[in-house]
Amino acid sequence: MARIAALCLGLMAAATPVAASEVEGARAAELKHLVIQDCGSCHGLTMKGGLGRPITRDLMQHYDREILRDIILDGIPGTAMPPWRPLMSEADAMWIADYLRGVDQ
Ligand code: HEC
7 MARIAALCLG LMAAATPVAA SEVEGARAAE LKHLVIQDCG SCHGLTMKGG LGRPITRDLM
67 QHYDREILRD IILDGIPGTA MPPWRPLMSE ADAMWIADYL RGVDQ
């Protein structure tokens with residue numbers, strides 16, 4: 007019985023996605039600040055849109071995290087959406103992607 011329980015736990019662990027991102031603590035707080043200050047300057051303090059389109063949780067949930075990460079890193083050429091690659095790592099951008107999607111982290 008114990009072996010079966012252990013096996014089930016093992017399977018559950020395997021099915022659970024790895025931790026949402028590698029960013030935590032102080033860096034996460036900095037990124038949260040950046041989202042409000044910098045992203046917010048175009049997308050609105052509550053992300054409901056301004057110069058940039060709304061990027062609220064409801065809307066962002068329809069994006070894959072990798073796609074959102076790439077939009078953040080590379081911007082959208084030909085629009086005011088700038089690339090953030092010079093200012094952050096891929097892990098940072100992934101953290102923001104998950105943050106916008108409302109994923110627990
Ligand atoms: C200088 C203004 C500006 C800043 C700063 C800015 N954006 Fe944008 N962003 C835009 C504009 C304008 C668009 C819409 C581009 C278009 O017409 O497709 C956009 C589009 C987006 C989109 C795609 C939205 C969609 O519906 O497809 C995402 C996601 C996004 N921005 C995230 C961010 C994040 C995250 C930050 C901060 C790290 C940020 N933006 C900072 C101007 C900005």
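7 is the number of the first residue of the sequence shown in the numbering used here; add one for each residue after it. Every residue gets a Cβ at the ideal spot worked out from N, C-alpha and C, and that includes glycine.
Go ahead and pull the three-state DSSP assignment for residue i.
i             : result
glycine 55    : coil
tyrosine 105  : helix
proline 83    : coil
histidine 39  : helix
proline 92    : helix
aspartate 70  : coil
methionine 18 : Its pLDDT being 47, under 50, methionine 18 is placed unreliably by the model, and the measurement read from it follows with that caveat. Helix.
Starting from residue i, trace the alpha helix (DSSP H) in both directions and tell me its first and last residue.
i            : result
leucine 48   : The question names leucine, yet the displayed sequence has cysteine at residue 48. Counting along the chain, the alpha helix (DSSP H) containing cysteine 48 begins and ends at 46-49.
glutamate 28 : Glutamate 28 -> no alpha helix (DSSP H), and no H or E assigned at all.
alanine 65   : It is worth fixing the name first, because residue 65 is leucine in this sequence and not alanine. Leucine 65 -> alpha helix (DSSP H) spans 63-66.
Which whole-angstrom value is the C-beta distance of residue i and residue j, which I expect to be below 8 Å?
i          : j              : result
leucine 74 : arginine 91    : Not quite, the Cβ-Cβ distance comes to about 14 Å (not below 8 Å), so this is no contact.
alanine 97 : glutamate 28   : 5 Å
leucine 51 : tryptophan 101 : With 8 Å as the limit, leucine 51 and tryptophan 101 do not qualify as a contact, their Cβ atoms being about 19 Å apart.
alanine 86 : leucine 65     : Contact flag wrong, Cβ pair sits at about 18 Å.
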